[in-house]
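Chemist:
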RNA sequence: GGGCGCAUAACUCAGCGGUAGAGUGCGUCCUUCACACGGACGAAGUCGCAGGUUCAAUCCCUGCUGCGCCCACCA
């Protein structure tokens, strides 16, 4: 077809088809098309409204899209439920930053105006990620898209809160919590990330003993701490009860150097490790989790020394008003001045940081809302144990179980404005809390007072997302959608949110719907750079999927990834992170979505780390080009075909029987791969079929038929090619939706097919025809051709130089196949006329060399083309290799234990192999004899 | 302190109780009428180390080393 160029250009093709699919309504669930069909549902993990597409999205979305497209083609009513998460802290931080540029704060604006501002921002730039997911080809049912702060969704959130409150599973309590001083909100335990191996110092200072027994020589007690400033909140110093060094101090009191407070010495075997530090621990119950517990054990006072912004409050005495790390310096300075400093040692420690703001988390005593988790966790554990939910890969089951069996109550309130405000009303008169489904409550349910103030806090973002699988379908209303699409089939997501999201959805689904939210949890790994490092903005090793799709210069990419670094430095960093880019010149070319998707699919989903290699994407771009050109070639022969949709009836030609057999195997492997969440296996099976079997063998072998074959042979081959191409494009469609649609539209198809390949049926084994006999026979043919080609290549004989070839085999069936297909051998191996086919014999034509390929001996007349010395070397090398193999096999078969214990099929196989090796060995030796004649 | 994972060809990764695989890269040859984003042919691995189980171990078990991740309140 002249109008087609010789290279596939994805950027010209891809956008066109996405629009076509939208117009056709291909992605819609619950249409007439799928009426009465079984459902297949994947709830899409809703990306953050602040998000823009990163590799993790690209990976997950591609996997989900493959799954959903596959099931849709199989005829299921396939629903991929999309949506967006309001992402509490992240969004608030983004908008506050914008305000800051205008010189405003949210407090100046007030809550209502600020919320309005966030909504405006959301309308403008919050939907970007949905657009980007469409570039990836995601076939979600966009019209059903939900936002976690939609009115209906918010109603579900409130219903959930109220019910759990009524059931006693949500409560208020005053506890030591994780406080983020930057965003000034409490965080759940999960939102605190522990930075390990931080270089810190263990600082020692002395408390003076009141009423010291000077005779005993103990007038002070030295404590060791990593946080000297918290001594302002110390209400005890603990020593181990069995520590002989401090026995004389038991029951004594210490003088606080800065405050008019006496600090008792207590004994505590839980808190104190005698071997660590000085063996004496200062106890700050209000700002340390261990100390808090110790305080509870000993009835110690809890003194909060910090304001919510992390500065010292009035309890800090002379240090009041100082930011906590400035306070640390000041405290140390004063201690030194007072002569109480006792030195410091470098110390490796851990630092808790806020997941969102990265600021160091301050433990603070605070009244918050909590969710009781243990009663909810039990059914969630059961559901996985009894198989109602399957976790794939299985290795995650342990992690899931560990977390749920050791689960702590969840702090669900946040001191933010952006989110679902807690539906609780505090009575100003009796302090009773009224929780309600209504926005406005007139009177306190306890005392009737009308002086009610709504709780200002909002709920943790994850509180709303845990309802995703049913709140998106209309819960708490009993909608038809809820009845039809709950529970979902598969939940596909990254393993990093097992706790945040997956486990909680399971708990909520079981609690409110009485059924699991999905039947399988498919967990993929994290995309890392080519050297295995986590992608992070700090490292400048992030890859934008869109740069791989549309192409980009490295310079522009690193400017994006590391905007503050000098260009040369950023480039060096980047190239180090992606070694395969060294040979890529100035940047990525436009690999296209299909190439990126196929690449992502080629990594095993069970790998924890997926080290994305740009070179591999380039490889799959070439695959796209291959598909395109193979189709272009095929069209010249098949454009007038009228495929029936069924494989040709009883084909006679070996290559046709064989191709249909391989097609069947490839399609089976693809379906199995997709169903078992091994997209890598599925994709590779189709890749290998298309490139090796269809292009490299079938198409090449078909050429002589199309050139001078019989009319029947041509017709049968055309029909086989047309059918196989149509089928394999359908099989590839879930992985590579765009190119398959483009080409499928160009080729002849059976009458009555749908308007889009996305709605055509996914192939089954019956679209080909398994034929073990054809597979076996084909091997003789390919062996003969490869054998002849090898001789040619090894002697550097140009293809244009035709060579005489004789093929010998002891197997009459093989000889038959070789004779029947001698025209093909002639064409592919460039032989001088049809090769002679014969039985093996001791006689050899003068000037011939021999190559053994499987069961076929290939004799090639080399006279005039060959350097005898070279040939001798080649044969000797080969003999050496075979001899080694023979040796191994003989030893094995000589082992009586092996013969006695090995399974019969293994034994038979071994014997056959030895026989074959011996024969090869003999032939090669005979070949060596012939070398002498070559020069004559 | 617990738990999980990884270690296989130069690179990125599959795999498996029965003589090691893919893609990329590398070497040689070929512009043969789909594709040089191609074709043919080829080279390349002590399957991390040390033990054990087995007729047989890269695969199973134990220990070790290196790397990564998760959970956990050691000042």
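Numbering (this note's numbering), first residue to last: 6 to 941.
From the three backbone atoms N, C-alpha and C, an ideal C-beta is built for every residue, glycine too.
Residues in the same chain with beta-carbon distance under 7 angstroms from residue 401, minus the five sequence neighbours each way, listed in chain order, please.
Modeler: On the first chain, position 396 is the one that residue 401 refers to. If we look at residue 401 and ignore the five residues flanking it on each side, its Cβ neighbours are 500, 503 and 528.
Chemist: Report the residue ranges of all alpha helix (DSSP H) runs contained in full by the stretch 95–157; include only those spanning at least 4 residues, in chain order.
Modeler: You should have 111–114, 116–130 and 133–140.
Chemist: Would you list the residues sitting across from residue 529 in a DSSP beta bridge?
Modeler: Sequence index remark: in the first chain, residue 529 carries index 524 (1-based). According to DSSP, which records beta bridges pairwise, residue 529 is partnered with 499.
Chemist: With three or more C-beta pairs closer than 8 angstroms as the rule, is the stretch 793–800 touching the stretch 693–700?
Modeler: These segments do not touch.
Chemist: Fully enclosed by the stretch 691–732, which alpha helix (DSSP H) runs are 4 residues long or longer?
Modeler: The stretch 691–732 contains these whole alpha helix (DSSP H) runs: 705–713.
Chemist: So for residue 802, helix, strand or coil by DSSP?
Modeler: Looking up residue 802 in the first chain gives position 797. Three-state DSSP puts residue 802 in coil, outside helix and strand.
Chemist: Indicate whether residue 810 and residue 863 have their beta-carbon atoms separated by less than 8 angstroms.
Modeler: Translated into positions along the first chain, residue 810 becomes position 805. Translated into positions along the first chain, residue 863 becomes position 858. Yes, the Cβ-Cβ distance between residue 810 and residue 863 is below 8 angstroms.
Chemist: Who are the near neighbours of residue 512 in its chain, counting only those whose CB is closer than 6 angstroms to its CB and skipping five residues on each side?
Modeler: Taking the first chain and counting its residues from 1, the one referred to as residue 512 is at position 507. Excluding residues within five positions, the ones whose Cβ falls inside 6 angstroms are 381 and 385.
Chemist: Which runs of the beta strand (DSSP E) fall wholly inside the stretch 590–637 and span at least 3 residues, in chain order?
Modeler: Taking only runs of at least 3 residues, the beta strand (DSSP E) segments lying wholly in the stretch 590–637 are 614–616.
Chemist: Under 8 angstroms, do residue 47 and residue 497 count as touching if we go by C-beta distance?
Modeler: Numbered from 1 along the first chain, position 42 holds the residue referred to as residue 47. Numbered from 1 along the first chain, position 492 holds the residue referred to as residue 497. Yes, the Cβ-Cβ distance between residue 47 and residue 497 is below 8 angstroms.
Chemist: Restricting to Cα atoms, I'd like to know which of 353, 323 and 936 is closest to residue 340.
Modeler: By one-based count along the first chain, residue 340 stands at place 335. It is 323 whose Cα lies nearest to the Cα of residue 340.
Chemist: Rounded to whole angstroms, what's the CA-CA distance from residue 125 to residue 93? Just pull it up for me.
Modeler: Position 120 of the first chain, counted from the start, is the residue given in the question as residue 125. Position 88 of the first chain, counted from the start, is the residue given in the question as residue 93. So the two alpha carbons sit approximately 15 angstroms from each other.
Chemist: In the DSSP assignment, what residue or residues form a beta bridge with residue 666?
Modeler: Within the first chain, residue 666 is the residue found at index 661, counting from 1. None, per the DSSP bridge assignment.
Chemist: Taking only runs that begin and end inside the stretch 284–327, name each unbroken beta strand (DSSP E) of 3 or more residues, in chain order.
Modeler: Counting only runs of 3 or more, we get 285–288.
Chemist: Over what stretch of residues does the beta strand (DSSP E) that includes residue 458 continue unbroken?
Modeler: Numbered from its first residue, the first chain carries residue 458 at position 453. Here the beta strand (DSSP E) through residue 458 covers 457–459.
Chemist: Would you list the residues sitting across from residue 182 in a DSSP beta bridge?
Modeler: For this step, residue 182 is matched to residue 177 along the first chain. Answer by DSSP bridge pairing, in chain order: 369.
Chemist: Is the beta carbon of residue 430 less than 8 angstroms from the beta carbon of residue 464?
Modeler: Translated into the one-based positions of the first chain, residue 430 becomes position 425. Translated into the one-based positions of the first chain, residue 464 becomes position 459. Contact flag unset, no.
Chemist: With residue 142 and residue 626 assumed to form a contact (beta carbons below 8 angstroms), what rounded beta-carbon distance in angstroms separates them?
Modeler: In the first chain, the residue the question calls residue 142 occupies position 137. In the first chain, the residue the question calls residue 626 occupies position 621. Their Cβ separation, rounded to whole angstroms, is 15 angstroms, which puts residue 142 and residue 626 out of contact at 8 angstroms.
Chemist: At the level of alpha carbons, what is the spacing between residue 373 and residue 421?
Modeler: Within the first chain, residue 373 is the residue found at index 368, counting from 1. Within the first chain, residue 421 is the residue found at index 416, counting from 1. Going by the C-alpha atoms only, they are around 13 angstroms apart.
Chemist: With residue 876 as the anchor, note down where its alpha helix (DSSP H) starts and where it stops.
Modeler: The residue you call residue 876 lines up with position 871 of the first chain. From DSSP, the alpha helix (DSSP H) with residue 876 extends over 873–899.
Chemist: Excluding sequence positions up to five away, which residues of its chain have a Cβ less than 7 angstroms from the Cβ of residue 652?
Modeler: The sequence position of residue 652 within the first chain is 647, counting from 1. Contacts found: 665, 728, 772, 773 and 774.
Chemist: Use the C-beta contact count for residue 242: other C-beta atoms within 10 angstroms, 16 or more gives buried, fewer gives exposed.
Modeler: Position 237 of the first chain holds residue 242. That one is buried.
Chemist: Out of 284, 237, 281 and 326, state which residue places its alpha-carbon closest to the alpha-carbon of residue 267.
Modeler: Counting from one through the first chain, the residue named residue 267 turns up at place 262. Considering only alpha carbons, the answer is 237.
Chemist: Could you compute how far the alpha carbon of residue 264 sits from the alpha carbon of residue 291?
Modeler: Counted from its first residue, the first chain places residue 264 at position 259. Counted from its first residue, the first chain places residue 291 at position 286. Going by the C-alpha atoms only, they are around 17 angstroms apart.
Chemist: Among 850, 788, 777 and 737, which has the Cα closest to the Cα of residue 765?
Modeler: Residue 765 sits at position 760 when you count from the first residue of the first chain. Out of 850, 788, 777 and 737, 737 has the C-alpha closest to the C-alpha of residue 765.
Chemist: Apply the 10 Å Cβ neighbour rule to residue 848 and answer buried if 16 or more other Cβ atoms are within range, or exposed otherwise.
Modeler: Position 843 of the first chain, counted from the first residue, corresponds to residue 848. Result: exposed.
Chemist: Hey, how far is the Cα of residue 586 from the Cα of residue 675?
Modeler: Position 581 of the first chain holds residue 586. Position 670 of the first chain holds residue 675. Distance between the alpha carbons of residue 586 and residue 675 is about 31 angstroms.
Chemist: Using only the alpha-carbon positions, how far apart do residue 505 and residue 433 sit?
Modeler: Taking the first residue of the first chain as position 1, residue 505 is located at position 500. Taking the first residue of the first chain as position 1, residue 433 is located at position 428. Cα to Cα, the separation comes out at about 35 angstroms.
Chemist: Does the stretch 17–35 touch the stretch 90–108, meaning 3 or more C-beta pairs lie closer than 8 angstroms?
Modeler: They do not touch, by the three-pair rule.
Chemist: Bridge partners for residue 922 per DSSP, in chain order?
Modeler: Translated into the one-based positions of the first chain, residue 922 becomes position 917. Partner(s): none; residue 922 has no beta bridge.
Chemist: Could you tell me which residues DSSP puts in a beta bridge with residue 359?
Modeler: In the first chain, residue 359 corresponds to position 354, counting from 1. Residue 359 pairs with 197.
Chemist: For residue 423 and residue 668, I'd like the C-alpha separation in whole angstroms.
Modeler: Here residue 423 refers to the residue found at position 418 when the first chain is read from its first residue. Here residue 668 refers to the residue found at position 663 when the first chain is read from its first residue. One C-alpha to the other measures close to 54 angstroms.
Chemist: In the DSSP assignment, find the unbroken beta strand (DSSP E) run with residue 85 in it and report its ends.
Modeler: Numbered from its first residue, the first chain carries residue 85 at position 80. Counting along the chain, the beta strand (DSSP E) containing residue 85 begins and ends at 82–86.
Chemist: What's the gap between the Cα of residue 734 and the Cα of residue 745?
Modeler: Against the first chain, residue 734 aligns to sequence position 729. Against the first chain, residue 745 aligns to sequence position 740. Approximately 5 angstroms between the Cα atoms of the pair.
Chemist: For residue 903, does the three-state DSSP call read helix, strand or coil?
Modeler: By one-based count along the first chain, residue 903 stands at place 898. The answer is helix: DSSP assigns residue 903 an H, G or I state.
Chemist: Take residue 133 and list the residues in its own chain whose beta-carbon comes closer than 7 angstroms to its own, dropping the five residues that flank it on each side.
Modeler: The count along the first chain starts at 1 and reaches residue 133 at position 128. Counting only Cβ-Cβ distances below 7 angstroms, and skipping sequence neighbours, we find 57.
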